[in-house]
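1 is the number of the first residue of the sequence shown in UniProt numbering; add one for each residue after it.
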Amino acid sequence: MMKRFLRVVWNYHNLLIIILTPVLLLPLPLVIQGKVSECAFVLCVMAVYWLTEALPLAATALFPALLFPFFGIMKSSQVAGVYFKDFHLLLIGVICLATSIEKWGLHRRIALSLVTLVGVNPGWLMLGFMNSCAFLSMWVQNTSAVAMVMPIVEAIIQQILNAEGEGEQRQRTMTGTSNLGLELEETEGPCEKNEEPIRTNKEPDEMEYTIPEEAPSQTNVIGQKIEGRYRSKREHMMCKGLCLSITYSSSIGGIATLPGTSPNLIFSEYIHQFYPECTSVNFGNWIVLCLPISIIALLLSWIWLHWMFIGSDFRVLFRPSGERSERETATARVIEEDYNTLGPTSPQEVVTAFIFILMVVLWVFRDPGFMPGWASIFLPEYAGYISDATVALLLGLMFFIMPAHKPSADKHGIKYEAMISWKEFQACMPWEVALLVGGGFALAEGTQVSGLSSWVANLLSPLGSLPIIATVTIACVLVTSVTELASNAATITIFLPILAPLAEAIHVNPLYILIPTTLCTSFAFLLPSSNPSNAIVFAYGHLTTTDMVSAHRLKVNALHRPVSKYPC
C-alpha cells in the first residue's frame, strides 16, 4: 500500500510542487507586509520552479509579468518592456551565423581539419576533437557544438571497434562490403531521433534536442555490435575519454566569448542594465580575459582525461609517425575518407566563413580599449549607440539576403534562394532561452524597484569581514553546486541579483565577484542530466553515470580564481 502511495506521489510530484510551493511560502507576503517580502515571495517561487523544473523554465520566466502587477511592484507595461533586451538581438545574429554554419557543413570541415592537423594518436586525436568542439562552442551554443562534432567522433569510435586488421579491411574493399564505420553521412546523431527525451535539468543553452531513451540503439545504425561490444578494456576507456572530452570542451570553449554561452550574455546584459557607466564589458575585453582561462582549462582537462582514460605515459604522443599502430592507421583512414567526401570548399562555405571572420573582427575592434574603435572613427557622433548586437544583427541578416547559388532559370522563371531561410533559422533559434533570459531580467528589475536587493545587501554585509578571496570562493562553490542540478541560465539569473548587492555592501567592484561566478555556472560535468551536452554524449552509450562522476574529480572551477577589477 505504501509503495503504491509513493508511486502515485512520484507520478504527481511536479503538480504537488507547483501547488505546495506558493502555499508554503504564502506567509512571507502575508505576515511581513511590504514590497520587499512580496518580491521575495516571487523570487522564491521562481527559484523552486526553476530548480525542480516542475514547470517548463520558460513558463516560470513569465511569473514576473503575472505577479509583479498584482503585488503593485511594477506596472504590466514596465515589466513587458524589460523582457526584450540587447541580448536578444545579439542572440538572433549569432544564431543566423550558426544556422548557416550547420546548413552548409562548415563545422565538419573545421572539425576534420583540426583533427587532421594534430594526428591520429589517441591522445592527439582527443586534443584535436577538444580543440574543434571548443572553437565551435565559442561561436555557437554549447549543445549545438556537441551535436555537430559528436557524430564524427562516433564514426571514428565505430571504426576503431570494427577494424580488426589491414587484411580484413582489404577483403571488405575487394568484396564490395562497405565499412559501416565510414558511413558517417548515414549516422543519425541522438538529436535527430523522435523518441522520448531523456530528462535534463539544464536549459538548452543552449538549444533543445531530443535524445533517445535507449542509447544502445544508436550504435546499431552505425555498425554491427559484437558480444561485449569492446574487445579490450583499453578500447572502452579510450571511447569513454573521447566522449567526455567533447562535453568538457564544449563548456570550456563557451566561456571564451560573450555569445559562447547563455550565462555570459545574461551577465553582460545585467551589467549594462544596472551599471550603465561600466563600458568595459564587451566582446574584446571579455575574450582577452577569458580566452587564456579557456585555453588553460582545456589543456588541463586534456591532460587529466588522457591520464585517466588513455594512460599516464605521455611519451607515446611524441612517437614518430612511421610507428603507427593498426588502430591509428584505421583511424587515419576514416578521417581522410570522411574529409574527402566533403569535396572542395563550396562558395556557401566561403561566404559563411567570410561573414564569420568579419563578425569577429568587427566585435573585437568596435571598442578595443587600447586604441580608438571603428565605431568612434567612422561614426563619432553615434559611437555610443552601437553595440555588439548591432554588428551581429547586421551580418546575421546578410544570410537572409545573399543568394546561396547563382541565379538559375526554370519553368517558373528565375529561381532565387538565400543562404538560410526563416524556417531553418526558427529550427535553430532557442526561443525558450530568450524567454527565460527575459524573465530573469524582469526579476532582477523587480528586486531593484522593490528594494529587495538593498535588503539582501544589508543582510550579507557581515561577509565584508571575510577576505575577499574567501567571499569569492564561497560564491563560486555555491554556484557550482547549484548549477549541477539547475539550468545554467536559471542559476546565474537567480544569483546575479544576490551577488551584485553583496559586492556593493562589502565595497568591492561587482565584477570581481560576478565574473568568476558567471564562469563557474558553465561547468556542470557531474551527471548526464546536469547539461544538455552531457545528455547528448551519454546517449551514445559509451559512458555510465559512474564514469562521469569519477571524471568530475577534475575541478576546472579551481582555475577561475578571482580576476582583477575592470575599470568602470
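Virtual Cβ for every residue (Gly too), placed ideally from N, Cα, C.
Note that the coordinates shown come from a computational prediction; the quantities given were computed from them, not determined experimentally.
Please name the residue, chosen from the options, that lies closest to residue i on a Cα-to-Cα basis.
i, options, result
"Val508", "Leu463, Leu443 and Gly373", "Leu463"
"Phe495", "Ala59, Phe129, Trp50 and His88", "Trp50"
"Asn121", "Ser465, Leu299, Cys278 and Phe314", "Phe314"
"Cys96", "Val437, Ile420 and Leu502", "Ile420"
"Ala418", "Met402, Cys428, Trp431 and Ala427", "Met402"
"Thr52", "Asn14, Arg108, Ala65 and Ile287", "Asn14"
"Phe63", "Tyr339, Pro347 and Ile18", "Ile18"
"Trp124", "Ile377, Glu432, Gly311 and Leu379", "Gly311"
"Phe378", "Ala392, Leu393, Leu362 and Ala389", "Leu362"
"Val472", "Val449, Ala489, Ala500 and Ile266", "Ala500"
"Gly36", "Pro372, Val449, Gln158 and Val479", "Correcting the residue type first, residue 36 is Val in the shown sequence and not Gly. Ranking the options by Cα distance to Val36, first place goes to Val449."
"Ile235", "His306, Ile157 and Leu305", "In the sequence under discussion, the amino acid at residue 235 is Glu, which differs from the Ile named in the question. When only C-alpha atoms are compared, the closest one is Ile157."
"Thr483", "Thr518, Ile469 and Phe87", "Thr518"
"Gln426", "Gly93, Trp302, Val288 and Ile293", "Gly93"
"Phe87", "Leu393, Val537 and Gly541", "Leu393"
"Val537", "Thr143, Leu89 and Gly81", "Thr143"
Spatial neighbours of residue i within its chain, please: C-beta separation below 6 angstroms, excluding the five flanking residues on both sides.
i, result
"Glu208", "Here the model assigns Glu208 a pLDDT of 41, short of 50, so the residue's position is not dependable, and the following value carries that caveat. Contacts found: none."
"Leu67", "Val42"
"Ala47", "Ile494"
"Phe400", "Ala418"
"Ser268", "Leu258 and Val281"
When DSSP labels each residue in this structure, what does residue i get in the three-state scheme?
i, result
"Pro430", "coil"
"Pro403", "strand"
"Lys423", "helix"
"Ala418", "strand"
"Tyr382", "coil"
"Cys278", "coil"
"Asp367", "coil"
"Gly451", "coil"
"Thr261", "coil"
"Asp388", "helix"
"Glu504", "helix"
"Trp50", "helix"
"Ala551", "helix"
"Pro56", "coil"
Any idea if residue i is buried or exposed, counting beta-carbon neighbours within 10 angstroms, 16 or more meaning buried?
i, result
"Cys568", "Reliability of the predicted coordinates at Cys568 is poor, the pLDDT of 44 falling under 50, and the value obtained from them is presented with this limitation in mind. Exposed is the call here."
"residue 598", "Here the chain covers residues 1 to 568 and nothing more, so residue 598 does not appear."
"Lys415", "exposed"
"Pro516", "buried"
"Ser533", "buried"
"Asn458", "exposed"
"Gly72", "exposed"
"Ser522", "buried"
"Phe283", "buried"
"Arg4", "exposed"
"Lys423", "exposed"
"Ala470", "exposed"
"Gly384", "exposed"
At the 8 angstroms Cβ level, is residue i part of the contact set with chain D, yes or no?
i, result
"Ile296", "Any reference to chain D falls outside this structure, which holds one protein chain only."
Ordered along the chain, which non-local residues of its own chain (more than five positions away) have a Cβ less than 7 angstroms from that of residue i?
i, result
"His405", "Glu417"
"Phe129", "Val115, Val149, Val153, Leu242, Ser245 and Ile246"
"Ala40", "Leu28 and Leu452"
"Ser387", "Asp86"
"Leu90", "Pro259, Leu265, Asp388, Ala389 and Ala392"
Counting only the same chain and skipping the five closest in sequence on each side, list residues whose C-beta sits under 8 angstroms from that of residue i.
i, result
"Ile468", "Ile506, Val508, Tyr512 and Pro562"
Using a Cβ distance threshold of 8 angstroms, determine whether the segment 72-83 contacts the segment 454-468, with at least three qualifying pairs required. Note that the segment 72-83 does not touch the segment 454-468; fewer than 3 beta-carbon pairs, one per stretch, sit closer than 8 angstroms.
Contact between the segment 539-552 and the segment 234-254: three or more CB pairs below 8 angstroms? With the rule of 3 Cβ pairs closer than 8 angstroms, the segment 539-552 counts as touching the segment 234-254.
Does the segment 296-305 come close enough to the segment 243-252 to have 3 or more Cβ pairs within less than 8 angstroms? The segment 296-305 is in contact with the segment 243-252.
Counting Cβ pairs closer than 8 angstroms, one from the segment 132-147 and one from the segment 258-277, do we hit at least three? Yes: at least three Cβ pairs fall under 8 angstroms.
Is the segment 345-354 touching the segment 96-114 in the sense that three or more CB pairs, one from each, lie closer than 8 angstroms? Judged by Cβ distances under 8 angstroms, the segment 96-114 makes contact with the segment 345-354, as three or more pairs qualify.
I want to know whether the segment 435-442 touches the segment 266-286 - three or more CB-CB distances under 8 angstroms. The segment 435-442 is in contact with the segment 266-286.
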